[in-house]
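Asker: Next up is a structure, given as structure tokens.
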Amino acid sequence: RQHFFWSKARAYPRFLAAAMAHIITSIEGTQADQFKIKRALLSVSDKAKLIELATFLDGQGVELLSTGGTAAAIRKAGMTCIDVSEYTGFPEIMDGRCETLQPKVHGGIMCVRGNKEHEAAMAEHGIKEIDLVVLNLYAFEATVAKGADFATCIENIDIGGPSMLRSSAKNHAYVTIATSPTQYDELMAQMTANRGCTTLEMRRRFAARAFALSASYDAAISSWWSDQLAAQEPANASGEAAAVGPKPVVTRAYEHERKLKYGCNPHQAPSAILKPLGKELPFKVLGGNPGYINLLDALNAYQLVKELKQSLGLPAAAS
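In structure tokens, the structure reads:
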């Protein structure tokens, strides 16, 4: 028995070391709070405030890389931009499926500034640093909401966008990633205040939002696909869907909306209310900060007054 325990004790460190061997260590590079934006890649489906941002970047002397409709809009506004295909030296193929999936794109985003090996690889392969990435993702959820067929929904699953999004967010120590027009004002304000640079604090916040968008996007695809599988399952004798293979996985992404005053009771730690990412809450808090019980009371009161109004045809209220 003693020999058995000693054997486990000796084996455990070897197991732990083997497991840890797969962890990628950090890569050394320049450590700085501010990095100047010299080159930007813009590829957006939502053109809101695009020209305002592009005009600002152009005025700052930033070289603009772009794709498709985004490049056309920038040129129409009188600015110069370089097509990604021109920069990479590789034409857009397969109906645009491989437009940005290029080492010259991802290498420019992912390179660690100040790392000699990375800089040598960039020089050897003609890769240029990309300091700012501005993008939106294909409107997958909107496509599904319109009732598009399976093949059309599949085609509206973005690949290049999430790849650049994750590359930029991972390398936020040097690269700024903006995924929404609501971020453009802060981005321009920071660059104005810091001589064309962004701060690490802002880059981290923008990166967090980018990963949240990526999680929400993948959650929407996963949930939709699960629904498709469930709809295709054959029914058993009782009319219920018979289980075929592993059960579908349904995921949901939420964002923190506000911290509540307290939990179920005043002595409990504060809780929070969350909402589906990209959605709005179905109510507004007009004053003060509610607790968990306040919200339950409000929701139950709403159901009561709604039912009363429907039954009597008269205005109803609760307090």
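For the sequence shown, our numbering assigns the number 419 to the initial residue and increments by one for each residue that follows.
For glycine and all other residues, C-beta sits at the position ideal for the given N, C-alpha and C.
All values reported here derive from a predicted model rather than from experimental measurement.
(1) Would DSSP call Lys588 helix, strand or coil?
(2) Would you check if there are 3 or more beta carbon pairs closer than 8 Å linking the region 687-698 to the region 724-731?
(3) Which residue spans inside the region 538-600 form an unbroken alpha helix (DSSP H) run of at least 4?
(4) Can you list the alpha helix (DSSP H) stretches of 4 or more residues lying completely in the region 449-500, in chain order?
(5) Measuring straight from C-alpha to C-alpha, what distance separates Asn683 and Glu673?
(6) Assuming contact is defined by CB atoms lying nearer than 7 Å, are Ser632 and Pro580 in contact in what I supplied?
(7) Buried or exposed for Gly709, please, with buried defined as at least 16 other CB atoms from any protein chain shown within 10 angstroms of its CB.
(8) In the DSSP assignment, what residue or residues form a beta bridge with Ala690?
(9) Using 10 angstroms around the beta-carbon of Ala472, count the other beta-carbons present and answer buried if the total reaches 16, otherwise exposed.
(10) Can you tell me whether Thr518 is helix, strand or coil according to DSSP?
(11) In angstroms with no decimal places, state the Cα-to-Cα distance between Met609 and Ala630.
(12) Where does Thr617 fall in DSSP's three states?
(13) Count the other CB atoms within 10 Å of the CB of Glu517; is the residue buried (16 or more) or exposed (fewer)?
(14) Using the beta-carbon count (16 or more within 10 Å), is His524 buried or exposed?
(15) Please go through the same chain and pick out, in chain order, the residues whose beta-carbon is closer than 8 Å to the beta-carbon of His421, but skip the five residues on each side of it.
(16) Could you check if Gln686 is buried or exposed, using at least 16 other CB atoms within 10 Å of its CB as the buried criterion?
(17) Who are the Cβ neighbours of Arg519 in its own chain at under 8 Å, not counting the five residues just before and after it?
Answerer: According to the structure shown:
(1) The answer is helix: DSSP assigns Lys588 an H, G or I state.
(2) No, because fewer than three Cβ pairs between the region 687-698 and the region 724-731 fall closer than 8 Å, the two stretches do not touch.
(3) 558-563, 568-573 and 578-588
(4) Whole alpha helix (DSSP H) segments, 4+ residues: 468-477 and 486-494.
(5) Looking at the two C-alpha atoms, the distance is approximately 24 Å.
(6) Pro580 sits close to Ser632, with the two beta carbons spaced by under 7 Å.
(7) Within 10 angstroms of the beta-carbon of Gly709 lie 16 or more other beta-carbons, which makes it buried.
(8) Lys677
(9) buried
(10) coil
(11) 24 Å
(12) Secondary structure at Thr617: strand, using DSSP grouped into helix, strand and coil.
(13) With 16 or more other Cβ atoms within 10 Å, it is buried.
(14) buried
(15) With a pLDDT of 41 at His421, under the threshold of 50, the modelled position of this residue cannot be trusted, and the question is left open.
(16) exposed
(17) Rather than Arg, the amino acid found at residue 519 in this sequence is Leu. Excluding residues within five positions, the ones whose Cβ falls inside 8 Å are Ile577, Gly578 and Ser581.
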